[in-house]
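Heads up, the thing below is written out as structure tokens.
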Amino acid sequence: MTVQQPNPTARPVKPTSKLRTTLWLLVSLVVVAAFWSVDIKWSALADFPAQLIKYVGLMLFPPDWSKFGEAFMATILSVQMAWIGTVLGIIISFPLSFLASKGLAPRAVNAPLRFIFAVIRAVPEVVIAILILSVTGLTPFTGALALAVGSIGTLGKWGYEAFEGVDPGPKEAVRSTGGGTLALIRWGVWPSAAPEVLSFWLYRFEINVRASAILGLIGAGGIGKMLQDNVQFRNWDAVGMLLIVVVVVTMVIDQISGAVRNKLIHGTWRAPRLAS
Amino acid sequence: MSTSVTSSPQPQPKTQRPTKPRHGAKSLAAVVLLVAITIWAGIGVQVDLPAIAANWRNATTNIIQLLQPDYGFFPKTIPALLETLQMAVIATVIGSALSLPLAFLASRATNPRPKLLAGVRFVMNMIRSVPDILFASILVAVVGVGALSGIMALVLFNVGIIVKLVSESLDGEDAGAQEAALAAGASWPKANRAAMLPQILPSFASQVLYTFELNIRASTVIGLVGAGGLGILIDNVRSFFRYHELSLIILEILVLVLVLESLSAWLRKKLV
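Top line first, the protein sequences correspond to chains A and B.
To convert, count from 1 in the first sequence and add 55; that's the numbering used here.
To convert, count from 1 in the second sequence and add 31; that's the numbering used here.
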């Protein structure tokens with residue numbers, strides 16, 4: 056290092072780190088290797104824009120609305136699946152997340168539950184669904200069960216984080232007046248955590264609405280199944296209509312759920328703005 | 032209790048308790064509504080516990096098979112495993128390259144044209160409301176079975192996420208330097224490039240790594256509809272009821288996700 060003159064306007068030298076440089080090199084190497092080794096005919100990309108325009112034209116100009124009634128009923132079934140899945144997930148995860156909170160249950164109970172939540176979160180929802188469906192068979196109800204199990208991982212984690220994050224004041228107050236664990240949960244923890252937890256439940260419902268469409272693709276019924284059937288038979292105009300239905304229903308449910316969440320957290324009914 | 036306080040002859044205490052707002056009727060209505068929706072949905076999906084109980088013998092043999100992964104199957108899964116990784120890496124790179132300029136168009140702080148802003152945001156919202164597997168199933172029909180359709184589906188999925196996250200952090204950045212650049216006569220793109228881009232790069236890098244984690248998960252499953260990777264393998268063994276092999280694949284996914292997520296979290300700490 057050269058000795059720095061006390062010059063106040065000189066730019067400080069940017070610190071470099073060997074570790075960072077090596078890591079960046081490694082990352083670049085991995086990227087190059089991936090591009091170089093992947094088994095893809097990149098030439099197929101050349102006519103992709105033309106293909107895309109062609110298929111978008113087939114799907115959306117115009118969409119085929121003749122099967123709209125059927126599509127609407129299938130969507131309702133998907134949403135019902137998501138709802139039952141969320142309700143079951145809440146029923147199972149709610150007591151478990153109390154047991155997983157430090158301070159509300161012994162450590163020996165916390166740790167294994169947290170591990171189970173983490174494992175469920177690590178496996179993609181569809182894979183959990185496949186596991187469960189291979190045991191129970193393919194019906195909308197088993198689809199809902201699969202969603203319920205998938206929900207336990209996230210709901211459990213968000214739950215115990217919310218319960219552990221509450222203001223300690225009320226908890227101390229309950230303890231100091233001789234309250235037991237149940238009183239602690241009811242009066243010290245639940246009132247402050249409730250808005251957050253309720254909004255997590257709604258958020259999970261939004262996720263499950265999307266996931267239920269996916270479960271249909273692997274055969275659990277609902278809008279996904281109808282979509283997959285129409286893609287396989289290349290009824291593109293029907294696929295276009297189904298896509299519109301999926302997007303609109305998902306957005307509408309997100310809006311309603313977002314408005315309720317705003318009410319729970321901020322106290323006002325305000326739907327999230329679409330183009331904001 | 033509050034009535035006794037107000038009617039007491041003593042002078043009003045300053046710290047009078049506020050009366051508790053009454054929610055009884057409203058909460059009751061909400062509970063009734065929720066129960067009604069649940070019953071309606073339960074009828075819709077045909078909740079049928081006896082059928083599951085009846086299926087139990089069949090289920091137990093499947094569970095026993097699932098609990099004994101067939102490790103001998105591992106060499107056969109390696110090509111699919113590699114393809115999953117390749118798809119995730121390539122899609123992350125392309126997706127983040129496309130997202131950076133789009134994020135500048137989608138942020139109020141960097142895009143002065145309200146109509147273009149609203150348009151870009153609306154399209155991004157549409158893209159985000161379609162699940163990744165759905166994109167994959169359509170792209171498989173358009174460009175054919177294989178990794179290319181999977182990469183394209185993942186790219187769409189990534190653009191939706193990264194643009195949202197990065198444009199939101201652009202909204203929150205300090206606009207002072209940008210204002211100075213504009214005042215000195217720079218055009219919006221130049222001001223954004225010189226004043227906003229450097230601020231956003233660390234958060235951009237961290238969102239890219241986060242998206243890579245999402246891609247690892249997603250790339251294991253989009254193969255279910257034919258878009259390459261481990262998913263194709265899952266679909267094969269599942270249709271032949273080879274549960275020993277299915278459980279090995281799921282175990283691989285679990286390990287892959289856990290290892291790469293901790294690696295990516297570590298990288299995020301080191302690089303960002």
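Glycine included, every Cβ here is placed at the ideal spot set by N, Cα and C.
Taking the Cβ atom as the reference point for each residue, do residue i and residue j lie within a distance shorter than 7 angstroms?
i, j, result
"A:G211", "A:S152", "yes"
"B:S250", "B:G260", "yes"
"B:N223", "B:F135", "yes"
"B:A178", "B:E114", "yes"
"A:G367", "A:P118", "Absent from the model: residue 367 of chain A. The displayed extent of chain A is 56 to 331, so no value can be given."
"B:V173", "A:Q106", "yes"
"B:Q209", "B:A226", "yes"
"B:V78", "A:F170", "no"
"A:I187", "A:L200", "yes"
"A:A154", "A:V142", "Rather than Ala, the amino acid found at residue 154 of chain A in this sequence is Leu. Result no, Cβ atoms of A:L154 and A:V142 do not sit closer than 7 angstroms."
"B:V171", "B:L129", "no"
"A:N285", "A:A293", "yes"
"B:E199", "B:Q230", "no"
"A:S254", "A:I320", "yes"
"A:A89", "B:V63", "no"
"B:P106", "B:W219", "no"
Please check the pair residue i and residue j, which I expect to be a contact at CB under 8 angstroms, by giving their CB distance rounded to whole angstroms.
i, j, result
"B:T141", "B:I193", "Between B:I193 and B:T141 the Cβ distance is about 15 angstroms, and since that is not below 8 angstroms, they are no contact."
"B:I247", "B:G254", "In fact, because the Cβ distance is near 13 angstroms, the residues do not count as touching under 8 angstroms."
"A:V301", "B:V161", "7 angstroms"
"B:F235", "B:V197", "6 angstroms"
"A:T130", "A:V304", "5 angstroms"
"A:S267", "A:G198", "7 angstroms"
"B:L336", "A:V174", "Any answer about residue 336 of chain B is impossible in this case: the structure gives chain B only from 32 up to 303."
"B:I281", "A:V182", "6 angstroms"
"A:V229", "A:L239", "5 angstroms"
"B:V124", "A:V86", "5 angstroms"
"B:K195", "A:R75", "The pair is not a contact, with the Cβ atoms about 28 angstroms apart (cut-off 8 angstroms)."
Beta-carbon within less than 8 angstroms of residue i's beta-carbon, same chain only, minus the 5 sequence neighbours each way: which residues are those?
i, result
"A:T64", "none"
"A:V134", "V264, S267, V304, I308"
"B:S35", "Per-residue confidence for B:S35 stands at a pLDDT of 46, beneath the threshold of 50, marking its modelled position as unreliable; no derived number is given."
"A:S72", "none"
Please list, in chain order, all residues of the same chain as residue i whose beta carbon is under 7 angstroms from its beta carbon, the five residues on each side excluded.
i, result
"B:Q99", "H275"
"B:G262", "T251, V252, I253, G254, L255"
"B:R152", "A137"
"B:S33", "Its pLDDT being 45, under 50, B:S33 is placed unreliably by the model, and the measurement read from it follows with that caveat. If we look at B:S33 and ignore the five residues flanking it on each side, its Cβ neighbours are R48, T50."
"A:V315", "L257"
Let me make sure I understand the geometry here. Which of the options has the alpha-carbon closest to that of residue i?
i, options, result
"B:L240", "B:L294, B:L282, B:L285, B:T108", "B:L294"
"A:K157", "A:L298, A:G198, A:A101, A:G214", "A:G214"
"A:V93", "B:F188, B:M118, B:F166", "B:M118"
"B:I169", "A:S312, A:L272, A:V307", "A:L272"
"A:T236", "A:L100, A:A160, A:V85", "A:A160"
"B:L232", "B:R299, B:G207, B:I83, B:L213", "B:R299"
"A:M128", "A:S312, A:P70, A:I269, A:K280", "A:K280"
"A:I269", "B:K57, B:A167, B:L201", "B:A167"
"B:A122", "B:S180, B:G175, B:T69", "B:S180"
"A:F149", "A:Q283, A:A249, A:W97, A:V82", "A:A249"
"A:A126", "A:Q283, A:I311, A:L193", "A:Q283"
"B:L228", "B:A149, B:I182, B:D202", "B:D202"
"A:F123", "A:G144, A:F103, A:K318, A:I299", "A:I299"
"B:M309", "A:G144, A:I108, A:S83, A:M306", "Missing from the structure shown is residue 309 of chain B; chain B here goes from 32 to 303 and no further."
"A:I146", "B:T69, B:N93, B:P110", "B:T69"
"B:A82", "A:K318, A:R162, A:G192", "A:G192"
"A:A99", "B:N267, B:G175, B:L289, B:W297", "B:G175"
"A:W97", "B:R269, B:G150, B:I182, B:G207", "B:I182"
Is it the case that the CB of residue i approaches a heavy atom of the ligand NAP more closely than 6 angstroms?
i, result
"A:A126", "This structure does not include the ligand NAP; it has no bound ligands of any sort."
Once the 5 residues before and after residue i are set aside, which same chain residues still bring their CB inside 6 angstroms of it?
i, result
"B:L97", "Y274, S278"
"B:S38", "For B:S38, the pLDDT reaches just 49, beneath the cut-off of 50, and the residue's location in the model is therefore unreliable, leaving the point undetermined."
"B:F188", "D163"
"B:E244", "E292, S295"
"A:M241", "A small fix is needed here, since residue 241 of chain A is Arg in this sequence, not Met. Same-chain partners within the cutoff: there are none."
"B:L213", "A222"
"A:A184", "A201, L270"
"A:G313", "A326, P327"
At the 7 angstroms Cβ level, is residue i part of the contact set with chain C, yes or no?
i, result
"A:P179", "Of the protein chains in the structure, A and B, none is chain C."
### Task
Taking 8 angstroms as the threshold, find out whether the region 129–147 of chain A comes into contact with the region 69–81 of chain B through three or more Cβ pairs.
yes
### Query
Below 8 angstroms, can you find three or more Cβ-Cβ pairs linking the region 206–223 of chain A to the region 258–266 of chain A?
yes
### Message
Would the region 99–115 of chain A count as touching the region 178–189 of chain A if we require 3 or more Cβ pairs under 8 angstroms?
### Response
no
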